[in-house]
Structures are given as structure tokens and as C-alpha cells.
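Protein sequences appear in the order of chains R and F. Just so we're aligned: the first sequence equals residues 125 to 720 in my numbering. Just so we're aligned: the second sequence equals residues 5 to 355 in my numbering.
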Amino acid sequence: MQPTDIGNPDYFHKVVDCQWACPAHTPVPEYIRLIAAGRHADAYMINWKSNVFPGILGRTCDRPCEPACRRGRVEEEPVAICRLKRVAADFKGDVGPRMPAPADAPNGRRIALVGAGPASMTVVRDLAPLGYHCVVFDGDNRAGGMIRSQIPKFRLPEEIIDEEVGYITRLGPEMRLGQRVDSLKALLDEGYDAVFVGSGAPRGRDLPIPGREEAAANIHIGIDWLSSVSFGHISKIGRRVIVLGGGNTAMDCCRSARRLGGEDVKVIVRSGFEEMKASPWEKEDAIAEDIPILNYLVPKEFKHHDGRLIGMTFEKVKAEYDARGRRKLVPTGEPDQFFECDDVLVAVGQENAFPWIERDIGLDFDDRWDMPKVDEVTFQSTHPKVFFGGDAAFGPKNIIWAVAHGHAAAISIHRFCEGEDLTDRPPPGVHVSSQKMGIHEWSYDNAISLDLRYKVPHREKLQALKDIKAEVELGFDPELAFAEAQRCLNCDVQTVFTDALCIECDACVDICPVDCISFTQNGEEAELRTRLNAPALNLTQEIYVSGALKTGRIMAKDEDVCLHCGLCAERCPTGAWDMQRYLIDVAQAGAACCSK
Amino acid sequence: MTFLPKPKLHHPDLQKNALGYTRRDYEGPVSTLCAGCGHDSISAAIVRACFELDIAPHRVAKLSGIGCSSKTPTYFLGASHGFNSVHGRMPSVATGANLANRDLIYLGVSGDGDSASIGLGQFAHAMRRGVNMVYIVENNGVYGLTKGQFSATADKGAKSKRGVVNTDEPIDLVGLALQLGATFVARSFSGDKAQLVPLIEAALKHQGAAFIDCLSPCVAFNNHDGSTKSFDFVREHNEAVNALDVMLPREEITADYAPGTVELVTQHDGSVLRLRKLHVDYDVHDRVAALTYMQERHAAGEIVTGLLYVDPEPRDLHAALKTCATPLNALGDTALVPGSAALDKLNATLR
């Protein structure tokens with residue numbers, strides 16, 4: 125193998141698994157250390173810079189960081205990254221003065237944004253401080269998009285949305301709320317320099333099976349129903365409720381139903397329980413509220429009597445896998461199952477809908493999915509002035525993806541307006557600093573906590589079910605947050621090796637608690653991986669390779685389960701190992717907009 | 005040194021041995037020696053050897069004297085018995101312990117000061133009596149605890165860190181052990197675990213006096229230019245006579261090697277030492293030739309390492325003294341205290 129090029133920012137970025145996995149590349153270990161230090165406002169601002177909605181995401185994020193967390197590979201569970209983010213938001217105090225000010229003077233550019241959800245608001249956050257005049261359209265009367273309309277208040281209180289959307293509206297965008305855009309062509313004709321489409325995936329999929337029309341009065345499309353609940357148009361549901369679907373929307377539906385009079389609420393899914401799309405913790409929360417999840421049942425018919433829904437029948441299926449591992453649901457042959465119910469909530473998926481985009485304005489749609497063709501890096505459509513982001517770009521994902529899209533689109537829009545090449549993306553900012561304070565003192569807490577993951581305290585169930593606005597999760601208090609924060613392995617404090625200083629004394633090899641360092645003959649990567657002190661079988665993790673040492677051998681370190689405890693550096697007599705903090709700031713359009 | 009204990013978290017694929025222990029279970033508290041000390045590597049090699057041999061930690065007695073090296077038994081085999089003796093007296097304590105309980109595995113760890121100066125007589129007698137033990141000298145050529153004065157194993161002409169040249173002849177512990185009748189003699193280097201671990205394993209399996217002289221650079225006081233016990237010097241002058249694999253009786257022994265290049269030595273307990281010869285003419289069974297060879301190569305400035313001598317059927321102290329096969333602590337009161345009648349009878353034979 126060639127010596128590892130640690131000058132490439134991606135190399136150490138990948139070692140910070142959580143940050144690499146986060147679509148917005150939030151510097152997770154950095155803010156977790158600040159939480160441990162009680163510097164909640166600083167931790168919040170680091171989050172805010174990257175993901176724009178820390179308080180919202182700290183409650184609702186799909187947490188791609190947590191399955192990636194290295195801690196999950198050396199013990200049972202990852203660090204509760206998401207809930208620590210919430211801690212930063214809960215205890216930050218007043219960060220108003222630290223927020224960027226509106227631009228001193230307009231730069232003369234006008235951009236229109238369709239939808240006031242997380243993607244559009246991120247674009248505004250990035251571009252407004254540069255002087256862009258941002259005009260935001262949304263059919264709803266309040267900004268926030270799906271964050272406000274679809275996420276139940278018992279998961280996300282309204283005031284959190286108001287606060288974090290407010291930090292952006294204060295930058296001076298023109299908010300045209302209650303104004304739905306009906307024609308992209310008309311919008312373009314108004315002469316905007318660019319248009320950003322962040323209109324989400326607003327159409328809930330229906331279930332056209334027998335009885336659907338006859339029993340329509342008691343069958344509701346999940347996201348529409350959630351939205352009506354959210355805006356106070358619906359406040360009751362029948363006693364017996366069936367929720368169809370296995371995603372997070374289904375979980376929000378069933379838990380909302382429990383709070384609006386549903387006593388016998390059950391979720392019924394086609395697939396197996398394990399394959400459900402809902403996050404594991406959302407399933408747990410639903411089950412904890414006495415909601416059974418029944419699996420391998422395919423909806424067959426809505427049963428009705430005198431125009432009233434009385435129940436549903438389901439066909440029992442089992443999963444079978446073909447030679448290529450593709451799953452097929454095949455009937456078991458057992459008799460159909462019937463469940464009585466008063467209402468059904470259909471949460472079997474969402475779709476994009478662009479009836480308002482004319483197909484003759486030079487904006488191409490793909491034939492198969494009827495989705496606009498959008499560049500995955502620049503987020504530009506085939507119409508040079510029109511950019512997409514969030515669910516509108518590539519179908520339903522999560523808030524954090526919408527934010528990431530927003531940042532990328534903002535860069536593109538800025539470059540487009542400046543007449544620069546969109547494919548030339550600005551590099552990240554990298555700050556490197558040794559953490560050495562003394563012979564065995566580091567400016568980070570390198571002792572490894574053996575604590576298992578702490579559970580977030582919940583509101584007592586009976587109380588929680590009484591009030592649909594009562595937040596269920598109460599959040600960590602500062603003490604619990606500190607203990608949980610100490611579980612973080614500080615993966616951004618990197619083990620940096622200097623070949624020329626190494627005397628090959630083996631001290632680092634002997635002390636490494638996870639056997640990740642080897643001194644051995646060089647070889648091809650696949651073969652080298654098999655003869656390290658602990659075979660490096662996780663191919664998604666890199667091997668850090670030095671140049672040839674005095675004996676002709678190389679140092680090879682498997683990054684996979686390194687605890688970043690720094691003991692290699694403490695034991696190194698020559699300083700060949702050093703612990704260096706790599707702070708990687710992914711580029712944003714308005715780098716000037718964020719003061720730390 | 006480090007202040008932090010080694011984290012309990014370990015590699016998810018960490019192997020277990022036949023007893024169900026991981027290698028980590030054979031470790032001790034974190035070392036307080038200087039960062040990079042060769043002794044810590046030897047501790048790690050002992051940990052690995054005991055793990056690989058499926059040794060039950062409570063069947064091992066670690067014994068040591070005084071010095072950096074003699075501190076190390078604290079840092080390995082945390083679940084074994086230990087005795088930290090007076091300076092240089094480890095061999096006597098080991099001899100006594102061995103006579104009282106012959107069933108334990110005795111692992112003596114000493115240094116060049118502890119064994120070549122104050123304890124030289126003790127060392128000599130343990131070897132010549134054939135005490136069944138592993139005797140490891142962690143040899144760095146200096147007194148590290150008192151800031152690096154030359155020890156008795158420092159080579160003539162070697163330069164101290166402050167530039168002083170050693171004028172005394174060195175004591176060659178390997179030569180002494182060979183002369184005094186040790187039945188397993190080896191030399192190795194802390195910076196070469198591939199060589200050291202099998203040597204410790206073979207020594208642990210040896211049923212007699214097994215001596216390993218292990219060069220162990222003192223990074224604080226003896227790892228500079230002019231030193232003959234530095235990492236660089238030892239690496240440049242290391243002449244290994246053989247490479248060793250230890251095969252337990254349960255393992256299948258394959259014979260895929262060129263004739264004359266490998267020798268199999270079966271020890272008394274059934275373990276097999278597979279010696280891959282690096283010097284074709286070197287005979288590990290010829291004590292006299294070994295002594296001569298050591299002298300020659302030392303004169304040529306080389307450091308000979310590897311398994312230097314082995315007698316696969318050693319006679320140990322218990323055999324010489326015709327002691328009973330049962331350890332004293334397993335004998336009942338009647339056997340241990342036979343009473344005045346037995347004493348009278350014994351006395352009568354001496355009149």
C-alpha cells in the first residue's frame with residue numbers, strides 16, 4: 125500500500141464516522157465536548173451552523189450518525205448523539221445576539237423559493253446574509269413546511285419551530301405565506317435570478333382496494349390527517365383505529381390517534397416487523413403506548429355497513445427470497461384475518477407532485493418516475509435558473525437531508541449568480557491542532573467511559589396520552605447529558621503518525637486496548653488486512669499506512685475500532701504518535717454568515 | 005508511562021483460548037515504566053505466551069527482585085500469585101516456593117542489576133540446581149531507576165548517555181547459564197515479539213531451569229548512539245540462529261519444509277519445538293559448541309539470539325532431591341507431621 129495521504133481532508137473526515145454520515149456533516153464530537161464542558165450555547169452554534177435546526181433535529185432527526193457511531197462497534201449502543209443535540213438547544217440560553225445580522229446592503233439579486241420547509245429555509249439562511257433578496261412562497265399560513273404540518277406536537281413543540289424558523293425570518297426574507305405557487309412559468313416570468321423548489325413530497329399515497337370509496341368518510345390519508353391535527357382542524361378519532369404502513373408517518377399517526385380518543389389502536393404492516401421503515405426508537409415509543417404492531421398482513425378490503433366502515437380484512441403472507449435475495453411476499457394460504465375498526469389511517473408512503481410545473485419550459489422530467497431531472501451535486505435542474513432540494517429533489521427523505529440539500533443548492537445558486545462554474549465546489553475548511561498539553565495530558569478527556577447508553581426520561585404515560593401537545597420526551601438534564609457526552613470517543617481527535625520519529629519499540633502496539641496498530645511488512649491492502657494484529661474485516665474503514673520504517677516494515681493502523689484514547693501517543697517515547705484535533709467545516713455559501 | 009488505566013473495551017473479535025479467557029484477561033494494571041520501555045514489550049510477550057498456552061492464571065507464581073524489570077510482574081498476569089523479593093534474592097524465594105509446591109509454574113523476572121550484580125550468586129545456584137522455572141532477565145545494561153549508570157552486563161567500550169565509556173568486561177549471563185547447567189538457554193530482544201513469544205512459550209513448557217536473556221533497550225538512558233543495547237544497535241547486530249514455533253500436543257504438525265532446515269524437538273510434556281534453522285550448522289543440543297559459538301560471535305560484535313541450547317529431558321531439583329510427587333500443601337497432617345515415633349526412627353538411622 126502507498127502511505128496514507130492524511131493531507132486529503134476526506135481521510136480523517138471519514139474517521140469521524142458520525143460527521144461523515146451526517147448529510148450536513150455536523151462536527152458531532154466537537155459539540156459533544158462542548159456540552160460536557162457545559163458550554164451549551166457554543167455547542168448550539170456549531171450545530172446551527174451545520175444543520176440550521178438543532179432544537180428541531182434534536183427531537184426529530186432520523187439520526188444517520190448513530191448507526192455510524194464507532195461506539196456502537198465496541199459496545200452495545202452508539203452515543204445518544206441526537207438527544208445531546210437537544211440538550212444544547214434546551215440549555216443554550218439566549219443565542220439571539222450570536223445570530224448573523226441581516227445583510228447591510230442588498231446585492232441586487234432576487235431569488236424565489238417555493239415552500240417554506242427546511243430546504244428552502246436553509247437556502248435563505250445561507251444566502252440572505254450575502255445580500256440576496258429571498259422571496260419565500262408557501263401555501264400554509266405559517267413557515268416550517270412538514271416540520272410544522274406533519275410532526276406531532278408531542279414530539280416537537282410549536283415554540284421550538286417558531287424559534288428556529290424565526291432565526292431565519294429575522295434575516296429579512298420576504299415571506300409570502302398563504303400564497304401557493306400555481307405556475308413555475310409565471311414565477312420565472314417575474315424575473316428572479318434563480319428559483320429554488322423546496323416544496324416537499326406533499327401527496328400521501330392512497331390504497332385503492334375494495335370498499336375504499338364506500339367507507340371514505342372514515343378512511344384518512346396519514347399526512348393529510350396529521351396536518352389537520354396539527355393545525356387544529358381535527359381533534360377526535362374513533363375508539364378503534366387501524367394504521368396502515370410501517371414508516372415514521374405511521375408511527376406519528378398511531379400515537380396521535382391514541383391521544384385523540386383512540387383506545388384500541390393498532391399498526392398493521394405488509395412486511396416483517398424488522399423490515400419496517402420506521403426508526404427503531406419510534407417503534408419502541410409506539411409499542412410503549414400500548415399500540416401493537418402486526419406484521420405480514422396485506423390489506424385486502426375495507427368492510428363497510430350502511431356506508432360506515434366496520435373493519436378491514438387482510439391476507440396473511442410470508443416472506444420468501446429468490447436466488448438474488450429479493451424478497452417476495454407470498455400468501456400463506458391461511459384464512460384472511462378481519463379486524464374491526466372505526467377509522468383507518470393510511471400511511472403507506474408519500475409522493476412528489478408537480479402539477480404546477482409546466483412541462484414546456486425547458487425543465488426535464490424523467491419518464492419513469494415523473495420526477496424532475498436534478499443534478500446530485502449542484503441540485504440544478506435542466507433549467508439553469510431552477511434548483512431543487514429536500515423531498516422535492518429526490519423523493520421523501522428526512523429533515524437533515526433537506527438541510528444538506530439546501531446548503532449545496534445555496535452554494536450553486538451563489539456561484540450561478542456570480543457566473544462561476546457550478547461543478548467547481550469549494551473545499552472544506554480544516555483546522556488541525558495537537559492536543560498535547562504535557563507528557564500525558566491532553567486538552568480533551570481521553571479516559572474512556574464504560575457507561576452504557578443513558579435513556580432519555582419520558583413523561584408519565586397516562587399524562588402524556590391525555591394531551592396531544594404534551595411533549596413525551598423530557599430530554600436529558602445537564603448531569604445525564606454530561607454522563608452521556610462522556611461516552612463519546614472523540615473520534616475527531618486523530619491519531620497522527622510521523623514515520624521519521626518511530627523507533628519501532630512496540631509500545632503503542634502493546635498498550636492499544638483494541639489491537640488496532642501493527643508493524644508489519646507492506647503488501648496489497650486485501651492481503652495486509654488479514655495479517656494485522658486483529659484482522660481488519662470491516663472494509664468500510666480505512667487502514668492508515670505509514671511509509672517504510674528503519675526495519676523496512678510499515679505501521680498499519682485499522683481505523684475501525686480505535687477508541688481515540690491516546691494511549692499510543694502517551695506510550696510513545698519519541699512523539700511519533702500525536703493526538704490532533706481535526707475540525708472539518710464543510711463549505712457553505714455564506715461562510716461569513718456564521719459567527720461562532 | 006500513563007496515568008489512565010487501559011480501557012476495558014476491546015476489539016469485538018478478540019479471541020478466547022481453551023479456558024475461555026481473552027488475552028486481555030492476562031494483563032495487569034497499567035505500567036508505570038517510562039513510555040517505550042522494552043520491559044513493557046516483554047510483559048506483553050509474557051501475556052501473549054500465557055494466553056496462547058491456555059495457562060490458568062492462578063497456577064502461575066511470578067517472582068521478582070528489585071529494579072525496573074522487577075516491577076513488571078505487577079503489569080502482567082493480574083490474577084496470578086506474585087512475590088516481590090529483596091534485591092537479587094528472587095532465585096532463593098523461587099527455589100523455596102518450588103520445593104514447597106512443585107505444581108505451580110514459576111516465572112522469575114529479573115534484571116541485569118538484580119541478577120548480574122547483587123544477585124549473581126543466587127542466579128548461579130538456581131541454574132546449577134536445575135530449579136524448574138522460567139528465569140527471564142530483562143537486560144538493558146544500565147541502572148535505569150538510578151539514572152543510567154552502567155550495569156554489569158554493559159559491554160566494554162559502550163558509551164553512556166553522558167558520554168562515559170565503560171571500561172569493565174561484561175558479565176555474559178547466557179554463557180554463565182550454559183556453564184552452570186541450565187537445560188534451556190535462549191536470548192532474545194524486546195523489539196522482536198515474533199521471536200520472543202515462542203521462546204517464552206517453549207520455556208514455560210520446559211520442565212527444568214529455563215533461562216532467557218532478553219535485551220530490552222532503556223529508552224530513557226540507553227538508547228543513544230554508542231550504546232550497544234539500543235534498538236538500532238541490537239537490530240543491526242542481531243544474529244538469530246533459529247526461528248521457533250511451539251506446537252502443543254493437540255496441534256497437527258505439518259512437514260512442508262526443505263530437508264535439513266527444520267528440526268523438531270519434543271519436550272518432556274509432549275510439546276514440540278519446531279526449529280527453523282537460520283544457521284544450518286548450529287546444534288541446539290551441544291552445550292560446549294554453543295559456548296564456543298557465543299564467544300566467537302560476541303568477539304565479532306554480533307548478538308546471537310534464538311534458542312541456544314535445550315535438553316528436552318531435563319533433570320530438575322526435585323529429581324535430584326528425590327522429593328515426593330505431591331506438593332506439600334496437598335499432603336495431610338499425618339504425612340507432614342509423622343510424630344515422635346517417626347522422628348526417633350529417623351534419629352536412630354543417624355546414630
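C-beta: ideal position from N, C-alpha, C; glycine also.
Contact annotation: in the segment 674–697 of chain R, residues whose CB is within less than 8 Å of a CB in chain F are 674, 675, 685, 687, 689, 691, 694, 695, 696, 697.
Listed along chain R, the residues sitting closer than 8 Å to residue 17/F by beta-carbon distance are 658, 659, 661. When CB distances to chain R are screened at a threshold of 8 Å, the residues of the segment 36–50 of chain F falling below it are 38, 39, 40, 41, 42, 44, 45, 47, 48, in chain order.
A Cβ-Cβ distance of about 7 Å is found for the pair residue 276/F and residue 269/F, placing them in contact under the 8 Å criterion. Residue 233/F sits in coil when the DSSP states are folded into three classes, being neither helix nor strand. The beta carbon of residue 306/R sits closer than 8 Å to the beta carbons of 480 from its chain, once the five residues preceding and following it are set aside; these are given in chain order.
DSSP, read as helix, strand or coil, puts residue 235/R in strand. The Cβ neighbour count for residue 431/R, taken over all protein chains shown within 10 Å, is under 16; the residue is labelled exposed.
C-alpha of residue 570/R to C-alpha of residue 18/F: approximately 22 Å in a straight line.
Each residue's CA atom was taken as its position, placing residue 698/R and residue 76/F some 22 Å apart. Shown here is that no member of the segment 511–540 of chain R has a Cβ falling below 9 Å from a Cβ of chain F.
Taking a Cβ-Cβ threshold of 7 Å, none of the residues of chain F is close to residue 667/R; the smallest such distance is about 15 Å.
Judged by their CB atoms, residue 403/R and residue 141/R are not nearer to each other than the 8 Å cut-off. Remark: C-beta atoms of residue 348/R and residue 379/R do not approach each other more closely than 8 Å.
Excluding its 5 nearest sequence neighbours in each direction, residue 385/R has C-beta neighbours in its own chain below 6 Å: 360, 361, listed in chain order. For residue 14/F, the nearest CB of chain R lies under 8 Å from its own CB, placing it at the interface with that chain. Between the segment 524–542 of chain R and the segment 138–152 of chain R there are three or more C-beta pairs closer than 8 Å, enough to call the two in contact. The three-state secondary structure of residue 298/R, taken from DSSP, is strand. Boundaries for residue 286/F: no alpha helix (DSSP H) harbours it, and the DSSP string shows neither H nor E there.
For residue 197/F, the closest Cβ of chain R is nearer than 8 Å.
Residues of chain F whose Cβ lies closer than 7 Å to the Cβ of residue 639/R are, in chain order, 15. Contact check between the segment 184–201 of chain R and the segment 249–266 of chain R: fewer than three CB pairs, one atom from each, fall below 8 Å, which does not count as touching. In the DSSP secondary-structure assignment, residue 644/R is bridged to 678/R.
Distances from the CA of residue 336/R to each of 427/R, 458/R, 580/R, 250/R were compared; the closest alpha carbon is that of 427/R. In this structure residue 245/F touches residue 283/F by the C-beta definition: roughly 5 Å separates them, less than 8 Å.
Fewer than three beta-carbon pairs drawn from the segment 289–299 of chain R and the segment 321–338 of chain R are found closer than 8 Å, and the two stretches are therefore not classed as touching. Taking 8 Å as the threshold, the shortest C-beta distance from residue 335/F to chain R does not fall below it. In this model, residue 476/R and residue 311/R are separated by some 20 Å (Cα to Cα). Three or more beta-carbon pairs separated by less than 8 Å are not found between the segment 647–654 of chain R and the segment 617–633 of chain R, which leaves the two stretches without contact. Judged by DSSP secondary structure, residue 201/F falls within the alpha helix (DSSP H) whose first and last residues are 197–209. Around the Cβ of residue 132/R, a 10 Å sphere holds fewer than 16 other Cβ atoms; the residue is exposed. Between residue 134/R and the set 183/R, 593/R, 241/R, 707/R, the nearest pair of CA atoms involves 707/R. Its chain contains 621, 622, 625, 626 as the residues whose beta carbon lies nearer than 7 Å to that of residue 700/R, once the 5 sequence neighbours on both sides are disregarded; these appear in chain order.
Between residue 687/R and residue 129/R, the alpha-carbon positions lie close to 21 Å from each other. For residue 389/R, the closest of 152/R, 284/R, 502/R, 467/R by C-alpha to C-alpha distance is 467/R. The CB of residue 10/F comes closer than 8 Å to the CB of 635, 637, 691 in chain R, given here in chain order.
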